[in-house]
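Data block below; observations after.
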Amino acid sequence: MIETTEYKEGWTSNVETEQLGRGLNEDTVRLISSKNNEPEWLLEWRLAALDALKNLKEPNWAELEYVRPNYDEIYYHSRPKKLAASIDEVDPAILADFEKLGIPLHERAKLAGVAVDAVYDSVSIGTTYKEKLAEEGIIFCSFGEAVQEHPELVKKYLGTVVPQRDNWFACINSAVFSDGSFVYIPPGRRCPLELSTYFRINSANSGQFERTLIIADKDSYVSYLEGCTAPKRDENQLHAAVVELIALDRAEIKYSTVQNWYPGDPESGLGGIYNFVTKRGACRGTRSRISWTQVETGSAITWKYPSCILQGPESVGEFYSVAVTKGRQQADTGTKMIHIGAGSRSKIISKGISLGHSSNTYRGLVRMTPTAKNARNFTQCDSLMIGNDSRANTIPYTEIANGTAQIEHEATTGRVSEEELYYLATRGLTQEEASSIIVNGFCRSVLNTLPLEFAAEANKLLQVQMEGSIG
Amino acid sequence: MLKIENLSASISGKKIIDNINITLNAGECLLITGQNGSGKSTLLHTIMGRPDIEAEGKIRLNDIMLSNLPCHARSREGVFMFHQTPPEITGVNTMTLLNEINKVNDNKYTRGNLISQANDLFLHLGLPTDWSKRQFNVGASGGERKKNELAQIELFDGKLLLLDEPDSGLEQTSRRYIFELIDRTCGRGGIVLLVSHDKDIQSKYSNILELKNGSSLR
Amino acid sequence: MDLHLGNINKLYVDADNVQYYIAPSHTDEVQEISFTFIQTEGKCSASIVVEPMTNSKSKVKINIFAENNAEVDCVCKLYVDVGGSETDVQIRSWPFDSSKIKARPEMRIYNSDVVATHGNALGTLKPQEQYYLATKGIDNYKELIKTSLLHEKL
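Laid out in structure tokens, this is it:
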């Protein structure tokens, strides 16, 4: 089926898209697999997930109220009709959209030090600097390409951190995942560029099911940026990605996300993106390290818990998050730190800001298993409530099963201090200016962990979110 | 010129200030005294326009009717408040805050000038060398917080200074600095309202407003 | 066994698979409510719900001591729907031997005109604490904590 789509607001894009695979069934899965020229083992893997889905139930334990997506109505695959062999041949309309979104897909990217793998509605358009990274032995390509060119790596690691039947959304993703990113850093290499991917949900009724796999071999380092934008749509769009990170001995992966999906109409809550993502990092090696940093300000519903399994001795897991909700947004987000290795450490800093009629929930789990001798966790969760109708929930689960581990957790909830607002007013700042400074101060410890490019975007995003919400 | 007419103020329905009248010309300083609880601080906060204070009466500074303006607008008209207990503001860097105040003051300094002047001032006041990099007043003693206030007055002159016990809790050198600052302010035509308990001060200033239960005694 | 408590000052309670509901109301002083769980064997689960009323100021302290193969599961839910309150919940857990402790301090705040804080610390004594006690000749921390918790209760 070929449709030309036109948008109500923002910009118009006449890119021809091919929407196929309606409904969650074996035909759809086979169609996706054949369109991607996948080997037999991967098709089998997908079908196993589809099978497992029969025994799972869609979760409803979160503090969220939403209209369940109709899984049979969704188109599970959507790609632009013209595929290009290199970036120079990419459909100009698509490149123009990326221009508007400010994505550096040209030589400018080199100056910015960013190599970009741009995903546009399920198919990677072009990967810049693939060749340059290849000189270092670093693989950074679309998931589809990795399946073709590095099948042994994909087969070895896919599903080892998030197995097909891990949870409902991961299961769907495993069956019908579209493209995504694949990164492999060989031993001893420090990736010289910040790796980055942009997503954009374009077509009506098309869910996004990316699969990302990042492997940092011994003694390597990589910093990966994920940034999302989406145009205004009327139907809720489902985003159920899966991200698996694997860090071997003394390797480090830094994964940063600045999320900017359409949040839905501020009054009615209609039309926003549903963001149900499974992100998990396995610190397999000794002294391996994985950090998650996220700034979440969009999407109608956010349900994500970037987690770390701290298997390796002295491994380190970190989670830094700023989640802003306003209008009718609902966020239920947090992290899980599972300590298995002796001497493992984790640090969680979560800042939630709720405005309007929104609801902001932190849900965390810190588990010290019997083998996690001398392991340590520190958690700081703070909520700032602005206005009278918002809600802030903090739901931390802590479990300790050995006598030498330590968990320390602190949480505060309150509003912007009148005293601070007054002090800044006496220095001539309006209430909005003062609140802006205070909110920035509130989020400082998280924003400081973002790579520079993202820090600027995150700051701007926060400012835009706060505009018109105070007073 | 500062003209305050029939100023009364209540907090949560309770009257704290009753029918105060003050007229001051440029270059004059008024010392406000009275026992604890007599309403001295509240008087200053009423002039500053603290949101929770219900005020009646008029406050005029030169051509501007301050009593019609909200707090931050009064500040932008040149009213400077020296807080008795300035708060900690976590996450907000001291220098960043000074930058914001600089913007409000029509970018009096270039960024570079602001940094060097501020650092010189902090050094002069005996604050730690990394003071400008610290988060605003976080972990700071009462005396250090007052020095932050001092630095701000020094950097951004005001037309009307409201000084709420600036000297209490400070060592001699800093106290002398404050009074020297007051003299300089009056010298350039500014107006100062000073709340102080210090007995020696009372001999220095002849213009005194003594408060008891929110009303003027003399 | 359900226990509904209204206006309270200082209260020490023994726990054993029970639920507690506390609604601190407005008084002049800060109200302190303490719970102490001492579990030497077997399983124990406790659920404590705190729903502060307007203008109340309260501090809830929960001490959990477990030894041998004991298992303790404690949920403390703080619900705040009305404004003006200040509430602090502190949970301190000491897991000795092969015991397991689950602590879940939850906060559900539906009114911005409040102050709500909680702290949750699990683990044995810190190295500096252990060293200090050693210099005073004490090396049996388990008994020390158990005794002082019992003593506090009485």
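Protein chains in written order, with this note's numbering: chain A, 1 to 471; chain B, 472 to 689; chain C, 690 to 843.
Glycine is no exception: its CB is placed at the ideal position from the N, C-alpha and C atoms.
Item: So which residues of chain A does B:MET566 contact, with C-beta pairs closer than 7 Å?; Value: Residues of chain A passing the Cβ test: none, with the nearest at roughly 13 Å.
Item: Any chance the region 207–214 of chain A sits against the region 173–184 of chain A, with 3 or more Cβ pairs inside 8 Å?; Value: yes
Item: Is the shortest distance between the beta-carbon of A:MET466 and the beta-carbons of chain C less than 8 Å?; Value: no
Item: With a cut-off of 8 Å, does the C-beta of C:ILE798 fall near any C-beta of chain A?; Value: yes
Item: Tell me which residues of the region 646–673 of chain B have at least one Cβ-Cβ distance to chain A shorter than 7 Å, keeping chain order.; Value: none
Item: For B:VAL575, which of helix, strand or coil comes out of DSSP?; Value: helix
Item: Are B:ASP635 and B:PHE553 close, meaning C-beta to C-beta below 8 Å?; Value: yes
Item: Taking a Cβ distance cut-off of 9 Å, strictly less, list which residues of the region 505–522 of chain B are near chain A, in chain order.; Value: HIS516, MET519, GLY520, ARG521, PRO522
Item: Between which two residues does the beta strand (DSSP E) holding C:TRP783 run?; Value: 775–784
Item: Would you tell me roughly how many angstroms separate the C-alpha atoms of C:ALA810 and A:ILE395, rounded to the nearest one?; Value: 15 Å
Item: For a minimum of 3 consecutive residues, which ranges assigned as the beta strand (DSSP E) are wholly contained in the region 16–52 of chain A?; Value: 16–22
Item: On the DSSP letters alone, give me the boundaries of the alpha helix (DSSP H) that A:ALA456 sits inside.; Value: 452–466
Item: How big is the Cα-Cα spacing for B:GLN506 and B:GLN673?; Value: 14 Å
Item: Cβ closer than 7 Å: which chain A residues qualify as neighbours of B:ILE493?; Value: Result: empty, since nearest Cβ-Cβ is about 19 Å, beyond 7 Å.
Item: Is it buried or exposed for B:ASP638, if we count other Cβ within 10 angstroms and need 16 for buried?; Value: buried
Item: Please name the residue in C:THR806, C:CYS765, C:ASP762 whose C-alpha comes closest to that of C:SER774.; Value: C:THR806
Item: So, are the CB atoms of A:ILE273 and A:CYS283 less than 8 Å apart?; Value: no
Item: Are the region 423–441 of chain A and the region 404–415 of chain A touching by the rule of at least three beta carbon pairs closer than 8 Å?; Value: no
Item: Buried or exposed: A:LYS54, going by 16 or more other Cβ atoms within 10 Å of its Cβ?; Value: exposed
Item: Identify, in the order they occur along the chain, each residue of the same chain with its Cβ nearer than 8 Å to the Cβ of C:ASP802, setting aside the five sequence neighbours on each side.; Value: GLY772, GLY773
Item: When the Cβ atoms of the region 374–390 of chain A are set against those of the region 779–792 of chain C, are three or more pairs found closer than 8 Å?; Value: no
Item: Applying the criterion that 16 or more other CB atoms from any shown protein chain within 10 Å of the CB defines a buried residue, is A:TRP330 buried or exposed?; Value: Rather than Trp, the amino acid found at residue 330 of chain A in this sequence is Gln. It counts as buried.
Item: Please state whether DSSP places A:GLN311 in a helix, a strand or coil.; Value: coil
Item: In angstroms with no decimal places, state the Cα-to-Cα distance between B:ASN490 and B:ASP669.; Value: 26 Å
Item: Under 8 Å, Cβ to Cβ, is there at least one residue of chain A near C:PRO713?; Value: no
Item: Considering only the beta carbon of each residue, do A:ILE309 and A:ILE348 sit closer than 8 Å?; Value: no
Item: Give a yes or no on whether the minimum CB-CB distance between C:LYS732 and chain A is below 8 Å.; Value: no
Item: Please identify, using Cβ separations under 7 Å, the residues of the region 528–549 of chain B that lie next to chain A, in order along the chain.; Value: CYS542, HIS543, SER546, ARG547
Item: Alpha carbon to alpha carbon, how far is A:ASP319 from A:TYR221?; Value: In the sequence on display, residue 319 of chain A carries Phe and not Asp. If you take the alpha carbons of A:PHE319 and A:TYR221, they lie about 17 Å apart.
Item: Please confirm if B:PRO557 has its CB atom under 8 Å from at least one CB of chain A.; Value: yes
Item: Check the Cβ of A:SER344 against every Cβ in chain C and list those closer than 9 Å, keeping chain order.; Value: Going along chain C, no residue has its Cβ under 9 Å from A:SER344, so there is no contact; the nearest lies around 14 Å.
Item: Please check if any C-beta of chain B sits within less than 8 Å of the C-beta of A:PRO451.; Value: no
Item: For the beta strand (DSSP E) containing A:ILE400, list its first residue and its last residue.; Value: 391–400
Item: Compare the beta carbon distance of B:ALA589 and B:ALA611 with 8 Å and say whether it is the shorter of the two.; Value: no
Item: Note the first and the last residue of the continuous beta strand (DSSP E) segment covering A:CYS381.; Value: 376–385
Item: Residues in the same chain with beta-carbon distance under 7 Å from C:THR743, minus the five sequence neighbours each way, listed in chain order, please.; Value: HIS715, VAL771, GLY772, GLY773, SER774
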